[in-house]
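See below for the structure under consideration.
There are 2 protein chains.
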Amino acid sequence: MPVTIKDVARNAGVSLSTVSLVINNKANVSPAMRAKVERAIHDLNFHPRRNARGLASKKTHNLGFILTDNHFSFTEPFYTKVFLGTEFEGRKHNYYILLTTVPKTFKDDDSVVPRFLLEKNVDGVILAGKVPVKLLEYIHKLKLPIVLVDYCSGRVKTSCVLIDNNQGMQLAVKHLLEHGHRQIAFIGADLQHPSIFERLAGYKTALQENQIAADENLIFCSAPDLGPDEGYKAAQELENSGQKFTAIVAANDAMAIGAMRFLKEKEYKIPSDISIIGFDDVEICLQTEPRLTTIRVLKEELGAIAVRRIVETINEGTKIINRVTVPVELKKRDSVAPVRYD
Amino acid sequence: MPVTIKDVARNAGVSLSTVSLVINNKANVSPAMRAKVERAIHDLNFHPRRNARGLASKKTHNLGFILTDNHFSFTEPFYTKVFLGTEFEGRKHNYYILLTTVPKTFKDDDSVVPRFLLEKNVDGVILAGKVPVKLLEYIHKLKLPIVLVDYCSGRVKTSCVLIDNNQGMQLAVKHLLEHGHRQIAFIGADLQHPSIFERLAGYKTALQENQIAADENLIFCSAPDLGPDEGYKAAQELENSGQKFTAIVAANDAMAIGAMRFLKEKEYKIPSDISIIGFDDVEICLQTEPRLTTIRVLKEELGAIAVRRIVETINEGTKIINRVTVPVELKKRDSVAPVRYD
DNA sequence: ACCAGCAATCGAAACGTTTCGAGAAACGAT
DNA sequence: ATCGTTTCTCGAAACGTTTCGATTGCTGGT
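Structural data, given as structure tokens:
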């Protein structure tokens, strides 16, 4: 019943293989033949089946997108945007994205390995955020192209799409310095994650470049994750520590928002008493009171670049591994004010 | 190189078909044989290829998820959650979800028809929000199972997973009535969308049940979409109209948030001057100032139910069309206060 | 002892493409 | 004219499963 390549061949009076050549835009088919076939394809409204093509060509035209459970729950708005970026870019290249999460304690065990890997149902894999090295090694063994987003592993060499974390945090700190702040606290989390580490590094660099000694007592990185509650607690610790501070930079917006909640509960006025800057520019920043000044990260763009990279390596079979860093910008809003001298 | 069903058959000393029977858990295979085959499968670490299975069985184990461009951009946090609900429930049933958007002016044209439909790469389709009837008819012709989420079409009969909009809005309005409010405005949008229409209906019902005549001058539904900017404008119109009002119910949270922005700019205090209630309970509600009282909708659950329904109809081949309505609850937070008499 | 009926197993075709190598046709150089 | 190339087209095998009908071997009723 459904129209197949056979029907097209018959209708056009050519062989199956010729039709296939036309479909796949291969060279060495005469214009006349091509026209005839295209006519038939159009007349019959033919569309080759993905499954059949996949079996014959060993290409699925799917890409896997993997992140860890905890990244997804704590920083969902961020990674959701990245995913959407892959989805839309994927469509342009005729790829669908299969999304899945893995536990961060991944081990090489069928019950936990993403099904699309077992079933060989993807042509490449994009992984976002810090992912278990075991998983990377597993995928590497499968000989599948890999692109990492917002992470880079020393153990397994892959292409990476990175955020300019260091530069971003420098922008934030310098912005505060320009407003006269000198006691600037940093609240973050697990420094195992390179992105957070880099943000902290950027913080230190910016201070040093302005002849200010980074004070370890103003750095709070004991939180295990990057959620608002962790931000709340970090701000709490900061205040309890008795350290004087006039501004906070947070490792991401979620933490900044949590910190704002704490500060407001304590009757601090933002930004007049305390200035604060986030990182990522998720949508909520526009709805906070005051609206959160932050470092804008082009999240969809990260995903889109990852897709382009992986499609390239699929098509060209090139093994070239590269690393691209996506720039970042300071998005000024209402959570920063000049320091008060009183 | 990769291990196939053939290798398993050889290793277990049985025929291809027997292995297939075991893989698919079919009846009529002796325990002894089953054990032997399972052993071989495990020893060889065999996993059948999705593509090959798909070609032979005409099942892709993919589901399509479609929404319209404008729904996605204006109410992204809502539909993203629904999508995530499908994704996670899909995984439990061994289905992947292929996400795509269509323009709301869909016409039956290859450049716009989702590729997974052309390529016969899904076993069923979930559509969320109001979708073009042309698209429904197109999918219907393909004989694919369809489930609608947060929409129901009179033209094409399908299963639907619905929100109890009417009841939800009644809860909201009654909550305000209990706080003494009598002039309650409704801000919404395009009444062509059944969900919005039902919410408005719930608003009217609640008022009538309390012997209050619904005042058409307090109803603002001219916005084309449901975003914050539309909420802002609706609140503006409301205020410009000169009508007295002490509370607002919004057709969704995004509009409520926009309205709050307007009210704050005009120096109204929320909730002491004006109370406001949203609908959907998206995450931003927790970050607004004050935190937005709203009607909680189980968004992931909507998606999950849709997947279960569609998987049932795929497996059982049943043509049963049903409609399930997911209940809703009032989530009290800080944007409602007793009316002031002054 | 015989046979109907059933359960378990198997062989072969089918699913709808791609791809590879072979053959035919056209061409240019000698 | 002849021959070696190049260009175009085709036939057939291959991809890795599922499925259907056929076959074999049992079971139990007579």
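Taken in order, these protein sequences are the chains called A and S. Take any residue in the first sequence, count from 1 to its spot, add 14: that is its number in my numbering. Take any residue in the second sequence, count from 1 to its spot, add 14: that is its number in my numbering. Heads up, the beta-carbon is just placed ideally off N, CA and C, and yes, glycines get one too. Being a predicted model, the structure only gives us computed values, none of them experimental.
Would you mind telling me which residues of chain A sit closer than 7 Å to residue i, beta carbon to beta carbon, in chain order?
{"i": "S:ASN108", "result": "ARG129"}
With H, G and I counted as helix, E and B as strand and the rest as coil, what does DSSP make of residue i?
{"i": "S:ALA11", "result": "Limits of chain S in this structure are 15 at one end and 356 at the other, which puts residue 11 of chain S out of reach."}
{"i": "S:LYS50", "result": "helix"}
{"i": "A:GLU343", "result": "strand"}
{"i": "S:ALA227", "result": "coil"}
{"i": "S:SER71", "result": "helix"}
{"i": "S:TYR282", "result": "coil"}
{"i": "A:LEU277", "result": "helix"}
{"i": "A:ARG169", "result": "coil"}
{"i": "A:ASP21", "result": "helix"}
{"i": "A:ALA213", "result": "In the sequence as presented, Ala is not what sits at residue 213 of chain A; that position holds Arg. Helix at A:ARG213."}
{"i": "A:THR32", "result": "helix"}
{"i": "S:ALA249", "result": "helix"}
Report the neighbours of residue i on chain S: residues whose CB is nearer than 7 Å to its CB, in chain order.
{"i": "A:GLN301", "result": "ILE271, ILE298, GLN301, THR302"}
{"i": "A:GLU101", "result": "LEU113"}
{"i": "A:THR94", "result": "THR94"}
Which bits of chain A does residue i rub up against, with CB to CB less than 9 Å?
{"i": "S:GLY68", "result": "ARG63, ARG64, ASN65, ALA66, GLY68, LEU69"}
{"i": "S:GLU133", "result": "HIS61, PRO62, ARG63, ARG64, ASN65, ARG67, HIS75"}
Go through its chain and collect everything with a Cβ distance to residue i's Cβ below 7 Å, but skip five positions before and after it.
{"i": "A:VAL296", "result": "PRO91, PHE92, ASP267"}
{"i": "A:VAL353", "result": "HIS193, GLY194, HIS195, THR260"}
{"i": "S:ILE37", "result": "PRO62"}
{"i": "S:ALA265", "result": "ILE201, GLY202, ALA203, ILE210, ARG213, LEU240, PHE293"}
{"i": "A:PRO208", "result": "TYR165, CYS166"}
{"i": "S:GLY104", "result": "LEU77, TYR110, ILE111, VAL321"}
{"i": "S:LEU312", "result": "VAL340"}
For residue i, I'd like the list of residues in its chain whose CB is within less than 6 Å of its CB, leaving aside the five on either flank, ordered along the chain.
{"i": "S:GLN348", "result": "Before going further, note that residue 348 of chain S is Asp rather than Gln in the sequence given. Excluding positions up to five away in sequence, the list reads PRO304, ARG305."}
{"i": "S:THR115", "result": "LEU81, ASP83, PHE86"}
{"i": "S:ASP137", "result": "LYS73, THR74, ILE328"}
{"i": "S:LYS144", "result": "TYR165, HIS207"}
{"i": "S:LYS188", "result": "ALA220"}
{"i": "S:SER173", "result": "VAL161, ARG323, ILE335, ASN336"}
{"i": "A:LYS171", "result": "ILE335"}
Looking only at C-alpha atoms, which of the options sits nearest to residue i?
{"i": "S:THR219", "options": "S:VAL311, S:LEU185, S:THR89", "result": "S:LEU185"}
{"i": "A:THR327", "options": "A:ALA41, A:VAL139, A:ASN65, A:ALA23", "result": "A:VAL139"}
{"i": "A:VAL342", "options": "A:GLU330, A:LYS333, A:ASN336, A:ARG310", "result": "A:ARG310"}
{"i": "S:ALA199", "options": "S:ASN180, S:SER209, S:PHE234", "result": "S:PHE234"}
{"i": "S:THR332", "options": "S:HIS189, S:ASP123, S:HIS154, S:PRO159", "result": "S:PRO159"}
{"i": "S:LYS157", "options": "S:VAL33, S:GLY245, S:GLU314, S:LYS134", "result": "S:LYS134"}
{"i": "A:ARG48", "options": "A:SER71, A:SER29, A:THR308, A:PHE97", "result": "A:SER29"}
{"i": "S:THR18", "options": "S:THR172, S:HIS56, S:ALA41", "result": "S:HIS56"}
{"i": "A:ILE16", "options": "A:GLN222, A:LEU58, A:VAL51, A:CYS174", "result": "Sequence check: residue 16 of chain A is Pro here, not Ile. With distances taken between Cα atoms, A:PRO16 lies closest to A:LEU58."}
{"i": "A:ALA351", "options": "A:ASN231, A:THR119, A:ILE284", "result": "A:ILE284"}
{"i": "A:LYS12", "options": "A:ARG169, A:ARG67, A:GLU279, A:ALA142", "result": "Shown here, chain A extends from 15 to 356; a query on residue 12 of chain A therefore has no answer."}
{"i": "S:GLN250", "options": "S:PHE276, S:ASN231, S:MET269", "result": "S:PHE276"}
{"i": "S:MET274", "options": "S:ALA248, S:LYS346, S:SER34, S:LEU98", "result": "S:ALA248"}
{"i": "S:CYS279", "options": "S:LYS40, S:GLY317, S:GLU253, S:VAL325", "result": "Contrary to the premise, residue 279 of chain S reads as Glu rather than Cys in this sequence. Closest by alpha carbon: S:GLU253."}
{"i": "S:ASP229", "options": "S:ALA237, S:GLN301, S:GLN257", "result": "S:GLN257"}
{"i": "S:ASN180", "options": "S:PHE102, S:ARG129, S:ALA215, S:GLN197", "result": "S:ALA215"}
{"i": "A:ALA318", "options": "A:ASN231, A:PHE102, A:SER71", "result": "A:PHE102"}
If the cut is a Cβ gap below 8 Å, which residues of chain S does residue i touch?
{"i": "A:ARG105", "result": "THR114, ARG129"}
Tell me which residues share the same chain as residue i and place their Cβ nearer than 8 Å to its Cβ, disregarding the 5 neighbours each side in the sequence.
{"i": "A:TYR282", "result": "ILE288"}
{"i": "S:ASP239", "result": "ASN84, PHE88, ALA203, ASP204"}
{"i": "S:ASP178", "result": "THR339, VAL340, PRO341, VAL342"}
{"i": "S:LYS346", "result": "HIS189, THR307"}
{"i": "A:GLY272", "result": "GLY241, PRO242, ASP243, GLU244, GLY245, TYR246, LYS247, ALA248, ALA249"}
Kindly identify the DSSP beta-bridge partner or partners of residue i.
{"i": "S:GLY138", "result": "S:LEU77"}
{"i": "A:CYS174", "result": "A:LEU162, A:ARG337"}
{"i": "A:SER349", "result": "According to DSSP, which records beta bridges pairwise, A:SER349 is partnered with nothing at all."}
{"i": "S:TYR110", "result": "S:ASN76"}
{"i": "A:ARG196", "result": "A:ARG196 is not bridged to any residue."}
{"i": "A:GLN66", "result": "This sequence places Ala at residue 66 of chain A; Gln is not what is there. Bridge partners of A:ALA66: none, in fact."}
{"i": "S:SER289", "result": "S:ALA261"}
{"i": "S:VAL116", "result": "S:THR82"}
Run the proximity test for residue i: is its beta-carbon closer than 7 Å to any non-hydrogen atom belonging to the ligand SAM?
{"i": "A:ASP83", "result": "The ligand SAM is not among the ligands present in this structure, which contains no ligands whatsoever."}
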